[in-house]
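Taking it in order: structure first as structure tokens, then the write-up.
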Amino acid sequence: MASTHSNFHSAQADLKVLKGEIPFIGLTGGIGSGKTAVSDLLGKLGAGVIDTDLISHQITAPGGKAIPLITKEFGADFIDPQGALDRPKMRVLVFADSNARQALEKITHPLIQQETAKQAFELA
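Numbering of the sequence shown is given in the numbering used here, commencing with residue 1220 and proceeding in unit increments.
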């Protein structure tokens, strides 16, 4: 019976997030603008914090969900010997070629959004 109650509670929380009853605040800004300081403060005040930079690193780490898609789109040359995205090499490409940047974003953004939503529902 406990699992039924737990599933019901989870469904209620999911619905509250979808309906906007639970606030969802996004922090944006450049390097050194204070995003981490603000998110740390909000976390200390009891807010759930979702770090999309961390998610980005997780999906491009060895075994990450983006690795097979990046390999298919850009080739194995963009994967380092440990199996992670070769960030320095990819950085050079995407800063020089907007089509490559868009292709990378087409791979990573949906995966980041999916994991962000999953974590938001877990926090609700």
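C-beta atoms are modelled at their ideal positions from N, C-alpha and C, and glycine is treated no differently.
Query	Result
Same chain, Cβ closer than 7 Å to M1220, five either side skipped, listed in chain order	Residue confidence is low: M1220 scores 39 on pLDDT, short of 50, so the model does not pin down where it sits. Its coordinate-derived value is still stated next. Excluding sequence neighbours, M1220 sits near nothing in its chain.
Member of K1291, V1268 and T1327 whose CA lies at the smallest distance from the CA of I1244	V1268
Option nearest I1331 by Cα separation, candidates D1270, P1281 and K1254	D1270
Beta-bridge pairing of I1250 - partner residues as DSSP gives them	Looking at the DSSP assignment, I1250 forms no beta bridge with any residue, so it has no partner.
L1288 vs I1326 beta-carbon contact at 9 Å	yes
Status (buried if at least 16 other CB within 10 Å, exposed otherwise) for S1222	Bear in mind that the predicted position of S1222 carries a pLDDT of just 41, short of 50, making it too unreliable to give a figure here.
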